[in-house]
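Only one structure is covered here, and it is reproduced in the block below.
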Amino acid sequence: MGPFKPPQTGTTTFWLWTMCPNGLKPFPCPACDAKVVIKLFRTIIFPRYGIPRVVISDGGSHFINKVFEKLMRVMESSTRMNAYENSMIYKMRTKAAHDKLIRLKDFKVGDSVLLFNSKLRLFPGKLRSKWSGPFKIMKFYHTDHSLYSTKRGRNSQ
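Per my numbering, residue 72 is the first one in the sequence shown, and the count goes up by one each step.
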């Protein structure tokens, strides 16, 4: 891009990246607040370059303003303060990391197991155990269900 000339004394430079061959354009401003940026958009940017589809900002306070948002809505343009990443990507990565830590158990006929009751309705509380049993496996199916017997000899599935 080359060396940039320093701005005049007492001014702040507002840089605009455009799709023209030159690319980066400096605009000297007395201060970078919302009023100055809106005036810059109305007087210089809209007449010269047209209405932008998207205004991408670094999240400066001069872009986070109700007046600026209203101007963008009127001009049917959108603003983006942060980079957008789809949350499903991170959900899938987290699920894969957690699933990697799960160890599958191989049950055999005759093993004693405890049964986890996820729908505990009777006497809910901190001290109530959600585990019931022990149960003895009588027959093992390769699906999620197993046939087990209680201490009293009843069969359950």
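Built from N, CA and C at the ideal position, the CB exists for glycine as well.
Which residue wins for smallest C-alpha separation from residue i, given the options the options?
| i | options | result |
| --- | --- | --- |
| Arg199 | Lys190, Lys166, Pro118 | Lys190 |
| Leu185 | Pro205, Met163, Ile116, Lys171 | Pro205 |
| Ile109 | Tyr120, Lys141, Thr165 | Lys141 |
Taking buried to mean at least 16 other C-beta atoms within 10 Å of its own C-beta, is residue i buried or exposed?
| i | result |
| --- | --- |
| Met143 | buried |
| Pro74 | With a pLDDT of only 44 at Pro74, under 50, the local geometry of the prediction cannot be trusted, and the value read off the model is given with reservation. Exposed. |
| Val145 | exposed |
| Ile173 | exposed |
| Ile116 | buried |
In chain order, what residues of the same chain have a beta carbon less than 7 Å from the beta carbon of residue i, not counting five sequence neighbours either side?
| i | result |
| --- | --- |
| Lys105 | Note that residue 105 corresponds to Ala in the displayed sequence, not to Lys. If we look at Ala105 and ignore the five residues flanking it on each side, its Cβ neighbours are His133, Asn136, Val138, Phe139. |
| Ala167 | none |
If residue i and residue j are in contact, beta carbons under 8 Å, what's the gap, nearest whole angstrom?
| i | j | result |
| --- | --- | --- |
| Phe240 | Lys201 | Missing from the structure shown is residue 240; the chain here goes from 72 to 228 and no further. |
Using a Cβ-Cβ cut-off of 6 Å (strictly less than) and excluding sequence neighbours within five positions of residue i, which residues of its own chain qualify?
| i | result |
| --- | --- |
| His169 | none |
| Pro123 | Ser148 |
Take residue i and list the residues in its own chain whose beta-carbon comes closer than 8 Å to its own, dropping the five residues that flank it on each side.
| i | result |
| --- | --- |
| Asp182 | Lys207, Ile208 |
| Lys197 | none |
| Tyr161 | none |
| Pro118 | none |
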